[in-house]
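**Q** Next up is a structure, given as structure tokens.
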């Protein structure tokens with residue numbers, strides 16, 4: 004059976020959806036029809052869009068790949084945060100290529116907080132208040148009812164990209180890991196795109212246009228958002244029910260669900276951070292930014 008040869012493994016809100024769409028249009032690349040399969044992240048069950056009962060179920064997602072596809076991939080940005088995903092991935096294929104896209108952690112935290120609000124994982128509209136609640140939430144308190152994966156509201160931890168890359172490189176060698184700086188990708192998408200194609204061993208398709216994908220958004224209707232993102236006691240039995248109809252139905256349902264959900268969102272306005280709070284975040288991430296800069300051998304002073 005066909006199996007993936009590369010993984011876009013993080014981070015969320017760092018251009019992974021755009022990468023997925025651009026690569027999906029390349030004639031020599033097959034991308035899974037559903038993004039964010041999260042098959043290898045057994046410790047993040049509540050972000051899975053399809054329930055896989057076996058390895059064969061997972062590989063079936065790539066069954067439509069053919070001889071013209073020189074690279075096969077999937078994009079699950081929460082792999083970066085999983086304690087088991089990369090070791091599971093290495094057992095699956097020690098030669099797999101890993102692609103990461105990372106950005107200024109302060110910008111990431113702002114964007115991810117907005118995403119959490121739209122998905123009802125977060126109930127504090129003020130990022131500063133959400134940041135202040137992290138310690139209580141780590142103890143299991145003040146967690147929003149629709150937040151099925153509390154790790155995803157630990158904003159400080161999620162932005163420690165240097166820490167997570169360091170752990171990844173304990174499992175996969177550096178030459179199998181491509182680390183993209185999102186700000187570079189935004190300034191010169193064609194150069195970064197060509198770098199990715201070379202990394203996964205496919206030829207250039209001459210792509211010149213890179214339209215924006217997956218900008219920050221907010222809900223038009225909170226009621227509709229609740230329907231799309233119900234509490235765990237509703238979500239879990241519902242997912243169990245639709246899994247009875249088989250993998251093909253779940254794939255089709257996931258695609259349909261994503262299309263319908265987009266009708267309830269509109270582009271969100273970016274809110275400027277209070278200078279004092281921004282400095283607090285800067286101080287928090289400073290050491291980790293330096294760690295990442297050493298790993299990628301790149302000046303990241305623009306993040307400081």
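Residue numbers (our numbering): 4 to 307.
We put the CB at the ideal spot given by N, CA and C, even for glycine.
For residue 108, does the count of other Cβ atoms within 10 angstroms reach 16, so buried, or fall short, so exposed?
**A** Buried, since its Cβ has 16 or more Cβ neighbours within 10 Å.
**Q** Look at the alpha carbon of residue 43 and the alpha carbon of residue 167, and state the distance between them as a whole number of angstroms.
**A** For residue 43 and residue 167, the distance between alpha carbons rounds to 16 Å.
**Q** Residue range of the beta strand (DSSP E) that residue 34 falls in?
**A** Segment 32 to 34, the beta strand (DSSP E) holding residue 34.
**Q** In terms of residue numbering, what span does the beta strand (DSSP E) encompassing residue 88 cover?
**A** No beta strand (DSSP E) holds residue 88; the alpha helix (DSSP H) holding it covers 88 to 95.
**Q** Under the three-state reduction of DSSP, which class applies to residue 135: helix, strand or coil?
**A** Helix, per DSSP.
**Q** What do you reckon, are the CB atoms on residue 46 and residue 86 nearer than 8 Å?
**A** Cβ atoms of residue 46 and residue 86: closer than 8 Å.
**Q** Below 8 Å CB to CB, which residues in the same chain sit around residue 211 once its five sequence neighbours on both sides are set aside?
**A** Answer for residue 211: 193, listed in chain order.
**Q** Looking only at its own chain, which residues have a Cβ that is under 6 Å from the Cβ of residue 188, when we skip the five neighbours before and after it?
**A** Answer for residue 188: 18 and 195, listed in chain order.
**Q** When the Cα atoms are used, what is the spatial distance from residue 275 to residue 115?
**A** Cα-Cα distance, rounded: 15 Å.
**Q** Can you tell me which of 7, 37 and 161 puts its alpha carbon nearest to the alpha carbon of residue 95?
**A** Comparing Cα-Cα distances from residue 95 to each of 7, 37 and 161, the minimum goes to 7.
**Q** Use the C-beta contact count for residue 38: other C-beta atoms within 10 angstroms, 16 or more gives buried, fewer gives exposed.
**A** Flag for residue 38 reads buried.
**Q** Beta-carbon within less than 7 Å of residue 3's beta-carbon, same chain only, minus the 5 sequence neighbours each way: which residues are those?
**A** The requested residue 3 is not part of the displayed model; the chain covers only 4 to 307.
**Q** When DSSP labels each residue in this structure, what does residue 212 get in the three-state scheme?
**A** In this structure, residue 212 counts as coil in the three-state DSSP scheme.
**Q** What do you get for residue 164, buried or exposed, if any count of 16 or more other CB atoms within 10 angstroms of its CB means buried?
**A** That one is buried.
**Q** Can you tell me whether DSSP reads residue 81 as helix, strand or coil?
**A** Looking at residue 81 - three-state DSSP - the assignment turns out to be helix.
**Q** Note down the Cα distance separating residue 208 from residue 30, rounded to an integer number of angstroms.
**A** One C-alpha to the other measures close to 8 Å.
**Q** My understanding is that residue 216 touches residue 21, with C-beta atoms under 8 Å, so please give their C-beta distance in whole angstroms.
**A** Sure, about 4 Å apart at Cβ, within 8 Å.
**Q** Please name the residue, chosen from 292, 280, 303 and 185, that lies closest to residue 104 on a Cα-to-Cα basis.
**A** Closest by alpha carbon: 185.
**Q** Let me check one thing: in DSSP terms, what residues is residue 100 bridge-paired to?
**A** Bridge partners of residue 100: 9.
**Q** If you draw a straight line from the alpha carbon of residue 106 to that of residue 113, how long is it in whole angstroms?
**A** So the alpha carbons of these two residues sit roughly 11 Å apart.
**Q** Rounded to the nearest angstrom, how far is the Cβ of residue 64 from that of residue 90, given a contact under 8 Å?
**A** Actually they are not in contact, since the Cβ atoms of residue 64 and residue 90 sit about 21 Å apart, beyond 8 Å.
**Q** Count the other C-beta atoms from every protein chain shown that fall within 10 angstroms of the C-beta of residue 41, then say buried if there are 16 or more, exposed otherwise.
**A** It counts as buried.
**Q** Leaving aside the five residues before and after residue 62 along the sequence, list all residues of the same chain whose C-beta is less than 8 Å from its C-beta, in chain order.
**A** Here the set comprises 4, 5 and 6.
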